[in-house]
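Novice: Here's a structure for you.
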DNA sequence: CGCTAAAGTTCTTTTTCGGAACCCATCTTT
DNA sequence: AAAGATGGGTTCCGAAAAAGAACTTTAGCG
């Protein structure tokens, strides 16, 4: 499979990865969630090559995950901000952060903690069923064809991809 | 920043990405969650170059996300299975799947649906606070130093990375 | 003996990446 | 007015990684 075809795969994971599945993109987005908005600041904090950063910002903007907004005229300067689509990636961040906290920390514990302002506690995410509220576990899930499945998959009787 | 240094960054996101932050790894893991276990089957389903697959399986095995188990002797054949560490990546999958369903589907809807066997409903994940049960939103979170923060970060007064 | 299967490895050609230099339109300082 | 400084890029090069195809190894089968 070639990388540019990924967004047309009949799989939401593949399609998501066509946007965020590369080495730098999620690190750029981490900075966005930490309110970093300017080219220079991304570059300094990440140590990313400038043309790679330019490319990623453009791709994220084209994908509707970031939007470019002028913050001054003369000289015109623009900053990058998360759109609603981008903010919706927060659960992906949380899932990766929690997994890293649990499995990639040394014996001392995780380098950073997240506190939930609403209740005041240090927290991690629990992934619950939107319908019954129970925690979702891999072995409790089945996959089935959705409305957007390609005809070939429907004809094949719903072999999950 | 160089890619091999990523796992030593004081950031759980970066550390997680040092394992799963590449083009193919999460697609390989998708297949694992769909009970694919053998080299050939990964190759056929993914259309991945064999040496890239061999490399990813080795890295995932070295990282403790997969384990290699013989399923027959003479000739010896081995299959790859998710470890507990690997199964714990399920929330990452869910988050990416749900995001893709919402933002990357055509007008017809998502190509596949996930049903929760426990309650019988088609579902998506809600990311809730482990302490208070409310949904976690980006703007309700603050970051602070954890026990594993490097001394330099503590000295700098907790500048979040 | 020749054929097939599973799981890799090797080789060659494209892409992508990292690092550094350069560009350009405006302020700011001398 | 000339000489930086700033922000946001683009260009160029050599190095690293990926795609694609062929080759290898161990063993069973007819």
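Residue numbers (this note's numbering), protein chains in the order written: chain A, 7 to 167; chain B, 7 to 167.
A virtual CB, placed ideally from N, CA and C, is assigned to each residue, including glycine.
Note that the structure is predicted; figures quoted are calculated from it, not measured.
#1: Closest to residue 54 of chain A by CA distance: which of A/22, A/37, A/88 is it?
#2: Hey, out of A/59, A/48, A/39, whose CA is closest to residue 28 of chain A's CA?
#3: What number of angstroms, rounded off, separates the C-alpha of residue 42 of chain B from the C-alpha of residue 152 of chain B?
#4: How about residue 77 of chain A: is its C-beta nearer than 8 Å to some C-beta of chain B?
#5: Assess contact between the segment 13-20 of chain A and the segment 104-114 of chain B, defined as three or more Cβ pairs (one per stretch) separated by less than 8 Å. Is contact present?
#6: Three Cβ pairs or more, each shorter than 8 Å: is that satisfied between the segment 68-82 of chain B and the segment 122-130 of chain B?
#7: Which chain B residues are close to residue 101 of chain A, counting only those with a beta carbon under 7 Å from its beta carbon?
#8: To the nearest angstrom, how far is it from the Cα of residue 150 of chain A to the Cα of residue 114 of chain B?
#9: Is it true that the segment 88-95 of chain A meets the segment 76-90 of chain B, where meeting means three or more beta-carbon pairs spaced less than 8 Å apart?
#10: Report the start-end ranges of each beta strand (DSSP E) in the segment 93-148 of chain A that is 3 residues or longer and not cut off at the edges.
#11: Helix, strand or coil for residue 85 of chain A? Go by DSSP, reduced to three states.
#12: What separation, rounded to the nearest whole angstrom, lies between the Cα atoms of residue 67 of chain A and residue 145 of chain B?
#13: Give the DSSP bridge partners of residue 78 of chain B, in chain order.
#14: Buried or exposed, going by whether 16 or more other CB atoms sit within 10 Å of the CB of residue 64 of chain B?
#15: Using 8 Å as the threshold, is the C-beta distance between residue 34 of chain A and residue 62 of chain A below it?
#16: Relative to chain A, which residues along the segment 124-138 of chain B have a C-beta separation below 7 Å, given in chain order?
#17: Would you list, in chain order, the members of the segment 10-28 of chain B that have their beta-carbon closer than 9 Å to a beta-carbon of chain A?
#18: Please report the straight-line C-alpha distance between residue 116 of chain B and residue 119 of chain A, rounded to a whole angstrom.
#19: Just confirm the distance between the C-beta atoms of residue 56 of chain A and residue 47 of chain A, as a whole number of angstroms; I'd bet it's less than 8 Å.
#20: Could you give the first and the last residue of the continuous alpha helix (DSSP H) run that contains residue 68 of chain B?
#21: Using beta carbons (cut-off 8 Å, strictly below), is residue 85 of chain A in contact with chain B?
#22: State the Cα-Cα distance for the pair residue 94 of chain A and residue 40 of chain B, rounded to the nearest angstrom.
#23: Is residue 39 of chain B close to chain A? Criterion is C-beta to C-beta, closer than 8 Å.
#24: Residues of chain B with CB closer than 9 Å to the CB of residue 60 of chain A, please, in chain order.
#25: How is residue 150 of chain A classed by DSSP in three states: helix, strand or coil?
Specialist: Reading it off the structure:
#1: Residue 54 of chain A has its Cα closest to that of A/37, out of A/22, A/37, A/88.
#2: Sorting A/59, A/48, A/39 by C-alpha distance to the C-alpha of residue 28 of chain A places A/59 at the top.
#3: Their backbone Cα atoms lie some 37 Å apart in a straight line.
#4: It does not; no Cβ of chain B falls within 8 Å.
#5: Result yes; three or more Cβ-Cβ pairs closer than 8 Å.
#6: No, the segment 68-82 of chain B does not touch the segment 122-130 of chain B.
#7: Listed along chain B, the residues sitting closer than 7 Å to residue 101 of chain A by beta-carbon distance are 97, 98, 101.
#8: Cα to Cα, the separation comes out at about 15 Å.
#9: The segment 88-95 of chain A vs the segment 76-90 of chain B: no contact.
#10: For the segment 93-148 of chain A, whole beta strand (DSSP E) runs of length 3 or above, ordered along the chain, are 118-122, 131-135.
#11: Of the three classes helix, strand and coil, the one that applies to residue 85 of chain A here is strand, per DSSP.
#12: Distance from the CA of residue 67 of chain A to the CA of residue 145 of chain B, rounded to the nearest whole angstrom, comes to 21 Å.
#13: DSSP, once it has assigned bridges, lists B/83 as partnering residue 78 of chain B.
#14: Residue 64 of chain B comes out exposed.
#15: It is a contact, given that the beta carbons lie within the stated cut-off.
#16: Under the 7 Å Cβ criterion, the segment 124-138 of chain B contributes 124, 125, 127, 129, 130, 131, 132, 133, 134, 135, 136, 137, 138.
#17: If the cut-off is 9 Å between Cβ atoms, the segment 10-28 of chain B has 12, 13, 15, 16, 17, 18, 19, 20, 21, 22, 23, 24, 25, 26, 27, 28 near chain A.
#18: So the alpha carbons of these two residues sit roughly 34 Å apart.
#19: A Cβ-Cβ separation of about 13 Å leaves residue 56 of chain A out of contact with residue 47 of chain A under the 8 Å criterion.
#20: Per DSSP, residue 68 of chain B belongs to the alpha helix (DSSP H) from 56-68.
#21: Between residue 85 of chain A and chain B, the shortest Cβ-Cβ separation is not below 8 Å.
#22: Roughly 25 Å separates the two Cα atoms.
#23: Cβ-Cβ to chain A under 8 Å: yes for residue 39 of chain B.
#24: Neighbours of residue 60 of chain A on chain B: none; closest Cβ ~17 Å, over 9 Å.
#25: DSSP places residue 150 of chain A in strand when its eight states are reduced to three.
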